[in-house]
Amino acid sequence: MRYFKTGCIALLLAFILIGSACADIGIIVALNSNLEQLREDLKTKEITKKAGREFYSGKIDDRAVVLVRSPMGKVNNAITAQALLSHYRITSIISISPAGAINKDVNIGDIIVAAEVYQHDFGTIKPYGFVWSRVPDGTDWDEPGYNLPDEGFRQLALLYAKDKKKTRNRIIQGAIITGDQFISSQDKKEWLYKKFKAMAVDMGAAAIAQVCYANGVPFCILRIITDKSTIDARPTFEKSVSAYQSDIDIPAFLKTILRGIQNKSKK
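Numbering (the working numbering), first residue to last: 26 to 292.
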């Protein structure tokens, strides 16, 4: 009987611990400034460290979330996304990060809501040059979805654009391409646009998308344009990053999406 009671207590504690690691929405940011912005609005219950990242679990607008900052790069973002999904009961992931413009009509300060994402540096180096491959190994193109953000999320993000009192920034949807390269070359920018007709380029979106696809979890990619991907991209990026925290109300933008999710779940 004593062992039975001990076992029951252990089982109960396990359920409590599992419950403490529950959340609905995973939020991945790339910048410390965004992390601090969102932490101010987060009613934090717990801070845990896993896979070299700090995870902040709590509530924003009464919606359970887990907030984490990911370093730049595809591997780093994949590690972050999988750690979220492995250690918490995440139902969807929202990723917020800076990006460089690829489309000439996209300007610094614009917000891109991803309609599709691709890895622009995945392929084969042939004697005559680089040959891009559409499908990463282990992904079945007969089942499309690994590169397609959730339609419902996209529509909720675009709702924010309709209220001009909330933002003076343009919110546009389109393709975002990802690679382990900071693009600061006009020639490379033109090649990327010709190849993908993308709005913007970043260093993490497609990695997060593929992890979410493998786990059957919907995702939303939001990218804020901080440079034009040309020769002066690095100094422009550094200047823009320090400015856009005051120009763009990331917490308000995120709350629009979270409230939309709550309203949909009540119907």
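All C-beta atoms in this analysis are idealised placements derived from N, C-alpha and C, irrespective of residue type, glycine included.
Nothing here was measured: the structure is a model prediction, and the numbers come from that model.
8 Å contact criterion, which residue i and residue j should meet: CB distance rounded
i	j	result
Val138	Leu183	6 Å
Ala258	Ala200	In fact, because the Cβ distance is near 19 Å, the residues do not count as touching under 8 Å.
Lys214	Ser254	4 Å
Ile282	Tyr218	Wrong, their Cβ atoms sit about 28 Å apart, outside the cutoff.
N- and C-terminal bounds of the beta strand (DSSP E) containing residue i
i	result
Thr105	Taken as a continuous stretch (DSSP letters only), Thr105 belongs to no beta strand (DSSP E), being part of the alpha helix (DSSP H) at Lys99 to His112.
Ser254	Looking at the DSSP string, Ser254 is not in any beta strand (DSSP E), and its letter there is neither H nor E.
Ser120	Ser117 to Ala126
Phe147	No beta strand (DSSP E) holds Phe147; DSSP gives it neither H nor E.
Arg94	Arg88 to Arg94
Gln198	Ile196 to Thr203
Ile53	Ile50 to Val54
Gly154	Gly154 to Trp157
Neighbour-count burial assignment, residue i, 16 or more Cβ in a 10 Å radius
i	result
Gly204	buried
Lys222	exposed
Gly125	buried
Thr69	exposed
Ser111	exposed
Leu279	buried
Thr149	exposed
Gly77	exposed
Ile100	In the sequence as presented, Ile is not what sits at residue 100; that position holds Val. Result: exposed.
Tyr153	exposed
Val236	buried
Gln180	exposed
Phe155	exposed
Pro123	buried
Ile197	buried
Residue range of the unbroken alpha helix (DSSP H) whose run includes residue i
i	result
Ser329	The structure shown has nothing for residue 329, since the chain only spans 26 to 292.
Ala76	Ala76 -> no alpha helix (DSSP H), and no H or E assigned at all.
Lys13	The structure shown does not extend to residue 13, since the chain is modelled only from 26 to 292, so the question has no answer here.
Tyr238	Ala230 to Asn240
Can at least three beta-carbon pairs, one atom from the segment 209-229 and one from the segment 122-131, be found at a separation below 8 Å?
yes
Would the segment 102-110 and the segment 48-65 be scored as touching if the rule is three or more Cβ pairs under 8 Å?
yes
Does the count of Cβ pairs from the segment 210-217 and the segment 75-84 closer than 8 Å reach three?
no
Does the segment 246-260 come close enough to the segment 108-121 to have 3 or more Cβ pairs within less than 8 Å?
yes
Between the segment 58-74 and the segment 273-282, are three or more C-beta pairs nearer than 8 Å?
Counting Cβ pairs under 8 Å, three or more are found: they touch.
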